[in-house]
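Residue numbers (the working numbering): 1 to 84.
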């Protein structure tokens, strides 16, 4: 992926574009890189999850109820586990 990206940037550098056009290109590249990174992270998490012992899988799934970057109260999480 990195080689293709570097080669593409090399070719793009030879194209005469305005600053606005280059900013649009940069925004699109950032989006692609972020998407690829997110996909890679999801694959890694899925791989780890599938290799967990059965009794630990539900513990990991409880984290899905929390929005990204939210602080998770240990007491609240334990309470949810105990109720289950």
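Glycine included, C-beta positions come from ideal geometry on N, C-alpha and C.
Whether residue i touches residue j by CB criterion (8 Å)
| i | j | result |
| --- | --- | --- |
| residue 52 | residue 65 | no |
| residue 80 | residue 62 | yes |
First through last residue of the alpha helix (DSSP H) which encompasses residue i
| i | result |
| --- | --- |
| residue 58 | 57–62 |
| residue 102 | Here the chain has residues from 1 to 84 only, and residue 102 is not among them. |
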